[in-house]
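Asker: Just passing along the structure, written as structure tokens.
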Amino acid sequence: MKGRRAFWLLPLALLPVPLLLNPYQQYVLNTALLYVPVGIGFNLVVGNLGLLAFSNVAYFGLGAYTSGVLMVQIGLPWWLTVIPAALMGGAGGAIASIPALRGVRLFYLAIMTLAFGELMRWTYIRWESLTGGSMGMAVPTATLFGWALDTDRRRFYVFLALVVLIVAITDRLLRSRFGRAFLAIKDNEIAAAAMGIPTDRYIVLAFAWGGAVVGVGGAMLAISVGHLTPVSFDLTELIRQFAIIMVGGLASLAGAIVGAVIITAAPQVFISFPGFDELVFGLLIVLVILFLPRGLASLLARLHPAFVERYYRD
Amino acid sequence: MTDAPLLSVRDVTVRFGGLVAVDAVSFDLHAGEICALIGPNGAGKTTLFNAVAGNVVADGGNIRFRGEEIAGLTPHEISARGARRTFQNGGLFPELTALENVLVGLHAQVASSFLGLLLGRRSAVAEASATARARELLSTMGIASIAERKTGALSGGQQRMVEIVRALATNPPLLLLDEPAVGLAPAARQRLADVIRDLAHRRGIGILLIEHAIELVMSVADRVIVLNDGRKVADAPPEQVRADRAVLEAYLGHA
């Protein structure tokens, strides 16, 4: 794991980047940043734990609406809503793990968790008094210790700090016996239990931590967009999030980061050719799955050994 | 062996619907003893074994391990108490390396907590000492050279050895081996027999062994328990079992 310390230079190198960007580009970069935790949480459950749980949009929405509702209804400043958003996302993850604890796997688990995501979307539509229903709700300007986060450039620095924190903690988690236990459960659940691993507890843990991290992404979305609508948490959004981890690389932190950047940036490149962006998007997914089944992160790993994650599998 | 048994199985019964897979079987296993479970296919060996390991819940009877009732505990609880098992058809984590497999075996002994990790405490020290221990375990079994290889790509004999090292990682007093010799070449079987004898007779580990390779059973077992149709039909030293009529009947068929 030599040279890993150099990764701390990456966020430092990003610090002056806003000076080079116009407001729209800054908004796109912020979006890429907020999709990093979204991809990390999804990847933890699908990639590391190996369970086909498709309720990631549920945690995303829970985080976003928790943040938005707390700001609107009780006037909390945004920064105080980040932890509640994480807790709600984590609770959503724990709830979504219940069928898995009952032994539901594969397509059955996929469809049940998918239903959970849709149920949450239905809830945002119906609970109009809180969420504004399908018309959505406006999110007030965020503040951080009284400092208004009223531009994308200001939000960028807060997002960057949050993302660095989440990446650092999750990296630590995955490199510990917990991360190893997740991979063991994915490979052979019965043998993992025979090694003294309380598999149920670890499944809840992976879902809850994944959900919490995605929930923080939701809180970032709330202030980045400034307006929340249930459409942002539909099946199309789920497919986008799934594409992040498939294109970036399953069971890889670097994969979630690379995937978030590519999936956010790729459509922008072709934005002046309406309709063409979706074609490129689809083509990208097909090409990566055909030629790089371990995602773009596996290219990085081939480039330099520092990118080889300890539990990276090729 | 006058001391209390390590494992004491009393009248254990397991039913699958109307089928009685294990029918009121009792036996004791002492520390340092190698006890083989044999019998024709469908005799209930694996079911009995699974009942001891917690993978199947017994419908009746008692299973005491080191004086404590373990019937009804989950597999991870039984494993944590020091009864560790291997599996019939590859219980390894194929995508993990041999070293990582052993590290998973050491899971409970790696001191790192989730909260500690969240609050920023590094698990580097715990990880480093566990890794050193795992390497040492692999080298005592003479397979240090395959530490960094994914177990899915190892030969059958190597896989079996990694699985035994992994099960032994926590120094368990009881080892449950489910058909360890299946698919092994004669030389590897010989080596396996030496390892099993060494574990029991030198290190004092109690070993419960399911095995179809009868010559291996006869050469390593101190005692042989024969099951047929879920019932125990013999429980004696190997040379005696070899001459037993009931055993012959079990294998040659009966009405």
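From first to last, the protein sequence lines stand for chains H and C.
Residue 9 in the working numbering is what sits at position 9 of the first sequence, and the numbering runs on without skipping anything.
Residue 1043 in the working numbering is what sits at position 43 of the second sequence, and the numbering runs on without skipping anything.
Heads up, the beta-carbon is just placed ideally off N, CA and C, and yes, glycines get one too.
Keep in mind it's a predicted model, so treat the numbers as computed, not measured.
#1: So with Cβ pairs under 9 Å, would you call S55(H) a contact of chain C?
#2: Just to confirm my understanding: we take Q1088(C), look at its own chain, exclude 5 residues before and 5 after, and list those with CB closer than 6 Å. What are they?
#3: I'd like the span of the beta strand (DSSP E) that includes N30(H), first residue to last.
#4: Suppose you measure from the CA of L279(H) to the CA of A266(H); what does that come to, to the nearest Å?
#5: Quick check: the Cα distance between L284(H) and V269(H), rounded to an integer number of angstroms?
#6: From M1141(C), T1131(C) and L1117(C), pick the residue whose C-alpha is nearest to that of H1107(C); which is it?
#7: If we count the other Cβ atoms within 10 Å of its Cβ and call it buried at 16 or more, is A53(H) buried or exposed?
#8: Rounding to the nearest angstrom, what Cα-Cα distance links I239(H) and R1064(C) in this structure?
#9: Give the single residue among H1201(C), R1166(C), S1008(C) and V1241(C) whose Cα lies nearest to the Cα of G1090(C).
#10: Terminal residues of the continuous alpha helix (DSSP H) containing T113(H)?
#11: Report the neighbours of P1173(C) on chain H: residues whose CB is nearer than 7 Å to its CB, in chain order.
#12: Going along chain C in order, which residues have a C-beta closer than 7 Å to the C-beta of P198(H)?
#13: Considering only heavy atoms of the ligand ADP, does any lie closer than 8 Å to the CB of L87(H)?
#14: Answer with buried or exposed for H227(H), where buried requires no fewer than 16 other C-beta atoms within 10 angstroms of its C-beta.
#15: Can you check whether the C-beta of V1012(C) is within less than 9 Å of a C-beta belonging to chain H?
#16: If you drop the 5 nearest sequence neighbours on each side, which residues of the same chain put their C-beta closer than 7 Å to that of A1147(C)?
#17: Would you grab the beta carbon distance between I1196(C) and I1207(C) for me? Rounded to a whole angstrom, and I think it's under 8 Å.
#18: Could you compute how far the alpha carbon of I1158(C) sits from the alpha carbon of R1223(C)?
#19: For V46(H), name the three-state secondary structure that DSSP assigns.
#20: Quick one: which residues of the region 1088 to 1101 of chain C get their C-beta closer than 9 Å to a C-beta of chain H? List them in chain order.
#21: Within a Cβ cutoff of 7 Å, which residues of the same chain sit near A148(H), ignoring the five residues on either side of it in sequence?
#22: Are the Cβ atoms of R180(H) and L1103(C) separated by less than 9 Å?
#23: Shortest alpha-carbon distance to A206(H) belongs to which of A94(H), A222(H) and P23(H)?
#24: Considering only residues of the same chain and omitting the five flanking positions on each side of A58(H), which have a CB-CB separation below 7 Å?
#25: Should Y27(H) and D150(H) be called a contact, given that it needs their Cβ atoms to be closer than 9 Å?
#26: Going along chain H, which residues have a C-beta under 7 Å from G1039(C)?
#27: Can you pull the chain C neighbours of F182(H), defined as C-beta to C-beta under 7 Å?
#28: Pick helix, strand or coil for N1228(C), following the three-state DSSP scheme.
#29: Using Cβ-Cβ distances below 9 Å, what residues of the region 1042 to 1070 of chain C are close to chain H?
#30: Between the alpha carbons of V225(H) and T31(H), how many angstroms are there, rounded?
#31: When you compare each of T1140(C), P1173(C), P1172(C) and L1174(C) to M1161(C) by their alpha carbons, which one comes out closest?
#32: Run down chain H in chain order and give the residues with a C-beta less than 7 Å from the C-beta of H1107(C).
#33: Under the rule that 16 or more other beta-carbon atoms within 10 Å means buried, what is P23(H), buried or exposed?
#34: For R1149(C) and chain H, any beta-carbon pair shorter than 9 Å?
#35: In chain C, what lies closer than 7 Å to L173(H) by C-beta?
#36: From which residue to which residue does the alpha helix (DSSP H) around S252(H) run?
Answerer: Taking the geometry as given:
#1: No, S55(H) does not count as interfacial toward chain C.
#2: D1178 and E1179
#3: No beta strand (DSSP E) holds N30(H); the alpha helix (DSSP H) holding it covers P23 to N43.
#4: L279(H) and A266(H): Cα-Cα distance of roughly 11 Å.
#5: 13 Å
#6: Answer by Cα proximity: T1131(C).
#7: buried
#8: 51 Å
#9: R1166(C)
#10: L106 to R126
#11: By Cβ distance, chain H contributes nothing, its closest Cβ being about 14 Å from P1173(C), past 7 Å.
#12: H1076
#13: This structure simply doesn't include the ligand ADP, nor any ligand for that matter.
#14: exposed
#15: no
#16: Answer for A1147(C): T1097, A1098, L1099, R1135 and L1138, listed in chain order.
#17: 6 Å
#18: Here residue 1158(C) turns out to be Gln, not Ile, going by the sequence shown. Using only the alpha carbons, I get a separation of about 27 Å.
#19: helix
#20: G1090, G1091, L1092, F1093, P1094, E1095, L1096, E1100 and N1101
#21: T141.
#22: In this structure, the beta-carbon distance from R180(H) to L1103(C) falls below 9 Å.
#23: A94(H)
#24: G92, A96, F116, G117 and M120
#25: No, the pair does not count as a contact, with Cβ atoms beyond the cut-off.
#26: Correct list: empty, because the minimum Cβ distance to chain H is about 23 Å.
#27: Neighbours of F182(H) on chain C: none; closest Cβ ~11 Å, over 7 Å.
#28: strand
#29: Going along the region 1042 to 1070 of chain C in chain order, one finds A1053, G1054 and N1055 with a Cβ nearer than 9 Å to chain H.
#30: 9 Å
#31: T1140(C)
#32: From the beta-carbon of H1107(C), the residues of chain H found nearer than 7 Å are R177, A181, M195, G196 and I197.
#33: Exposed is the call here.
#34: no
#35: L1117
#36: No alpha helix (DSSP H) holds S252(H); DSSP gives it neither H nor E.
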